[in-house]
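All remarks here apply to the structure that follows.
Numbering (our numbering), first residue to last: 412 to 1163.
Structural data, given as structure tokens:
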């Protein structure tokens, strides 16, 4: 606002329910509405914009929008891109079960559109309708343009002098020139040539990556494709994934998202994408082919290319909140369609219930919100070809009215849905609200990110575990968390690092976060890193420190890939990627957040990739490393051999007292003779047996190899004390011999 006249407050069109005045700002800048375009009644289903040919062979698009409580809805059509596009409006006069709908002849794929929704402006009761704001269709299949968040896109006057009540003063300036538009998409497609890999959970190895960050610096991908879906589909990108041996990529959010205003003001952008605004649209910033629907086809081609290589596609999805933030956030879509219907509000209704730390929480118990989410999920499976989802802050979705409820409507609907119950479902099993930590509590259909695994492995290798019980549970599939209700070891997604936190290399190079580049005074990001810098903070030229760090990386990778459960790696960790100490690179869309492909050919880091690939190959070849059932710990034969046994450094089985004591050395025996289940031919599953010895101490230690019935001899398969790992069989030792385990080393020995 630039003048006193423009700041003048006038009574709203309707008074607030409690008698307080609803206030709007003089609308002198608002353009006169253009002439209306006629529409036919159309149908209330499906929601969104669907191009079709009517019964009289007239082609056009059916528009349907749920807007409970609204008084009128205008469909706005734009004749081109950018702020200068001419707008035509269509009044949707048909209303069926709170769905406004109409069929507009002649509207074809590529048409840009949005909505204006009319109703009361009364923030005191949660009503925030403002027809001056152009709203994105929640069901838009494609989005053209970017969210810059100037003052005009806020439903309230952002710079109102009395900030305490600023969100209650309506801003009547037109937002249409400043916001992206939905795009009508021709979404008929034939997936008959696609073959989903359908990798069983127990055989899965997940690779978390960012579409832009993974491809942006890849030297073998053409420059015009870097940072895009087409770049990830490029043979050079897929070759890296297949050489490594992963079975699935988990893509950081690819739903259309917006950049937060506080980042734009600092010259930064949201990089990770956890700020969704369009749950059906692939993010337009990751396309090489165009933003008027072309991004949809490009995404589908990427999925097909990954499937052809045997790689599944899992999407990290953010249905717990949206980019509209709290009462001081912008009005982009749901807030202006029906604020009270889409969001959880506090008892005073003006404020938002925030279980996400992002300002708002979607009200998933509402049928239309639940429908939005499940329609979106089914769309990505059936029409975009994806194979599963990782749900950000899934506990927020599992809340009923207030508390987390494992019988909540969201979980119940997913469990009975014939499409969704067949795909991979991963919960981030917590949110920031009271009672939000739910690791181990999700029902049997779900797998979970297991942060207790992360913490235990980090603590063991920095020699900080108070006892070894926690490590034993985590290595063997976390039966204490998941052995109930028919759940299996693959309910645990094991990880040491994720996008949120240090990279693997930084975990052994920094003890303190270094997030200064985010402009938040280094206050952002966790302080609970459980890291060890090997004696020097940050990068160093000290050869001994660098060698120790590489060894610790080998230890962490080897532990992860030998553990029972589903391992998840983060893109670049297998090559020693660093973020230079940043543990919160959410706004670092630059070399800090991107994968550095020069490391792939660096002699210092190339052996790490070779080890990771070799370990994944071991998992694929040996079913004893990817069990489908929990260990019993009982003998199944007369000789007393058990499927799982634990040993002290002295070669004796661990006692209860041993479990409750700190220990630097732990031996884990996995029997290949006692694997439950049958193979695809109905035959018993039989494998080699292995002994893993993990030694986190700073000095070499002796370890006595167990004798009968466990083995007669042991052959070294993996030795993380060695920079290079040979493919040929390693040194053999007789049972009963005491071997020397080098400081900070994992040995994997085949028992014979």
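Every residue gets a Cβ at the ideal spot worked out from N, C-alpha and C, and that includes glycine.
As the structure is a prediction and not an experimental result, all values here were calculated from the model.
- Taking 8 Å as the upper bound for CB-CB distance, residue 667 and residue 629 are not in contact here, some 24 Å apart.
- Judged by DSSP in its simplified three-state form, residue 592 adopts strand.
- The C-alpha of residue 828 is placed about 38 Å away from the C-alpha of residue 1045.
- Of all C-beta pairs linking the segment 864 to 878 to the segment 830 to 844, fewer than three are shorter than 8 Å, placing the two stretches out of contact.
- With 16 or more neighbouring CB atoms inside 10 Å of its own CB, residue 582 falls in the buried class.
- Using a 10 angstroms sphere on the CB of residue 573, the tally of other CB atoms stays under 16, which defines it as exposed.
- For residue 667, the beta-bridge partners assigned by DSSP are 689.
- Around the C-beta of residue 571, 16 or more other C-beta atoms lie within 10 Å, and the residue is accordingly described as buried.
- With a contact defined as Cβ atoms closer than 8 Å, residue 731 and residue 831 miss out at about 17 Å.
- In this structure, the CA atom of residue 528 is about 6 Å from the CA atom of residue 483.
- By the neighbour-count criterion, in which a residue is buried when 16 or more other Cβ atoms sit within 10 angstroms of its Cβ, residue 613 is buried.
- In the displayed model, residue 1075 falls within coil according to three-state DSSP, outside both helix and strand.
- Here residue 1100 is buried, its C-beta having at least 16 other C-beta atoms within 10 Å.
- In this structure residue 543 does not touch residue 605 by the C-beta definition: roughly 44 Å separates them, more than the 8 Å allowed.
- Residue 659 has 617, 723 as its beta-bridge partners, per DSSP.
- When the beta-carbon positions are compared, residue 745 and residue 800 stay at least 9 Å from each other.
- Inter-residue distance for residue 965 and residue 1022 is about 8 Å (C-alpha atoms, whole angstroms).
- Under a 10 Å Cβ-count criterion, residue 727 is classified as buried, with 16 or more other Cβ atoms of the shown protein chains found around its own Cβ.
- Rounded to the nearest whole angstrom, the C-alpha separation of residue 996 and residue 664 is 15 Å.
- DSSP places residue 835 inside the beta strand (DSSP E), whose first and last residues are 835 to 838.
- Here the alpha carbons of residue 1027 and residue 865 stand approximately 19 Å from one another.
- DSSP places residue 1091 outside any beta strand (DSSP E), giving it a letter other than H or E.
- In the three-state reduction of the DSSP assignment, residue 499 falls in the strand class.
- Excluding the 5 residues flanking it on each side, residue 860 has same chain C-beta neighbours closer than 6 Å at 839, 904, in chain order.
- Three or more Cβ pairs closer than 8 Å define a contact, and the segment 972 to 986 falls short of that threshold against the segment 587 to 603.
- Distance from the CA atom of residue 578 to the CA atom of residue 1000, rounded to whole angstroms, is 31 Å.
- A direct Cα-to-Cα measurement between residue 457 and residue 475 gives close to 7 Å.
- Around residue 978, the same chain offers 616, 905, 971, 972 as residues with beta carbons nearer than 6 Å, after the five sequence neighbours per side are excluded.
- By the beta-carbon neighbour count (other beta carbons within 10 angstroms, threshold 16), residue 1117 is buried.
- Residue 1135 is classed as exposed because its beta carbon has fewer than 16 other beta carbons within 10 Å across all chains shown.
- According to DSSP, residue 1145 shares a beta bridge with 1124.
- Residue state for residue 884 is assigned as helix, using DSSP reduced to three classes.
- At a cut-off of 3 residues, the continuous stretches assigned as beta strand (DSSP E) that sit fully inside the segment 477 to 531 are 483 to 489, 498 to 503, 505 to 507, 510 to 516, 523 to 529.
- Contact annotation: the segment 504 to 512 does not touch the segment 552 to 567, with fewer than three C-beta pairs closer than 8 Å.
- In this structure, the straight-line span from the alpha carbon of residue 670 to that of residue 640 is close to 20 Å.
- Note that the C-beta distance between residue 987 and residue 1016 is below 9 Å.
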